[in-house]
Amino acid sequence: MIHETPRPAVPSDVPAVKAVTDAAFHHYIDRIGLVPAPMEYDHAANVAAGRVFVVGDPVTGLVVVIPEADHLYLDEIAVHPDAQGTGLGRVLMEWVEARARQLGLPEVRLLTNAMMWENQKLYERYGYEVVERRADGPYDRIHYRKVLNSPPMG
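If you count the sequence shown from 1, position 60 lands on 59 in numbering that gives the first Met the number 0, and the numbers rise without skipping.
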């Protein structure tokens with residue numbers, strides 16, 4: 000399936016960003032025993048800050064990225080259940096890495112809940128390495144990173 004390049008979200012996308020996030024994360028509530036953090040984000044504030052990029056009309060997938068001094072932080076990736084298995088997740092992951100390179104950042108970092116084992120397998124398949132596992136309040140999280148451009152040897 001062909002997917003377009005993610006575009007910056009605009010204020011009129013906020014309801015769709017919330018809907019896709021909720022649809023993508025809702026099934027984890029029972030498993031982890033609480034609402035996944037992305038479902039509680041201030042989506043309007045993230046859109047206004049230029050952190051949200053969406054795909055589809057209507058929106059079927061999105062990423063929330065935050066440029067830091069030495070890495071691009073992938074704060075959220077969500078694909079609507081109706082679009083899962085179409086390759087959209089791969090498109091979004093590749094876009095995030097391309098965005099980091101475009102910004103001159105050497106790595107991408109992200110985290111996932113330890114109970115979201117599907118995500119762990121996915122990130123490892125994409126070349127992300129576990130940095131640490133840490134409790135953040137009620138959340139048991141696994142932190143990942145992927146170095147994009149290794150420095151020259153010697």
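Glycine is no exception: its CB is placed at the ideal position from the N, C-alpha and C atoms.
Here the structure is a predicted model, which means the values were calculated and not measured.
Does the beta-carbon of residue i have 16 or more other beta-carbons within 10 angstroms, so that it is buried, or is it exposed?
{"i": "Ala97", "result": "exposed"}
{"i": "His79", "result": "buried"}
{"i": "Val9", "result": "exposed"}
{"i": "Pro57", "result": "exposed"}
{"i": "Gly49", "result": "exposed"}
{"i": "Ala4", "result": "Note that residue 4 is Thr in the sequence shown, not Ala. Exposed, by the Cβ-count rule."}
To which residues of the same chain is residue i closer than 7 Å at the C-beta, ignoring the five residues directly before and after it?
{"i": "Gln83", "result": "none"}
Enumerate in chain order the residues of its own chain whose CB-to-CB distance from residue i is below 8 Å, with the five nearest sequence positions on each side excluded.
{"i": "Val146", "result": "Pro105 and Glu106"}
{"i": "Leu46", "result": "A small fix is needed here, since residue 46 is Val in this sequence, not Leu. Contacts found: Ala8, Val9, Pro10, Asp12, Val13 and Val16."}
{"i": "Ala134", "result": "Arg140"}
{"i": "Leu102", "result": "Pro66 and Leu71"}
{"i": "His42", "result": "Val13, Val16, Lys17, Thr20 and Val51"}
So residue i is in the beta strand (DSSP E); what residue range does that whole segment cover?
{"i": "Val51", "result": "Val51 to Val54"}
{"i": "Asp139", "result": "Tyr138 to Val146"}
Which residues bound the alpha helix (DSSP H) around residue i?
{"i": "Pro66", "result": "No alpha helix (DSSP H) holds Pro66; the beta strand (DSSP E) holding it covers Gly60 to Pro66."}
{"i": "Val16", "result": "Val13 to Phe24"}
{"i": "His42", "result": "His42 to Ala47"}
Would you list the one or two residues that DSSP bridges to residue i?
{"i": "Ala134", "result": "Asp139"}
{"i": "Arg6", "result": "Val53"}
Which residues in the same chain have their Cβ closer than 6 Å to the Cβ of residue i, if we skip the five residues on either side of it in sequence?
{"i": "Tyr122", "result": "Tyr143"}
* **Whole runs of the alpha helix (DSSP H) within the stretch 59-128, excluding any shorter than 4 residues** => 87-101 and 116-124
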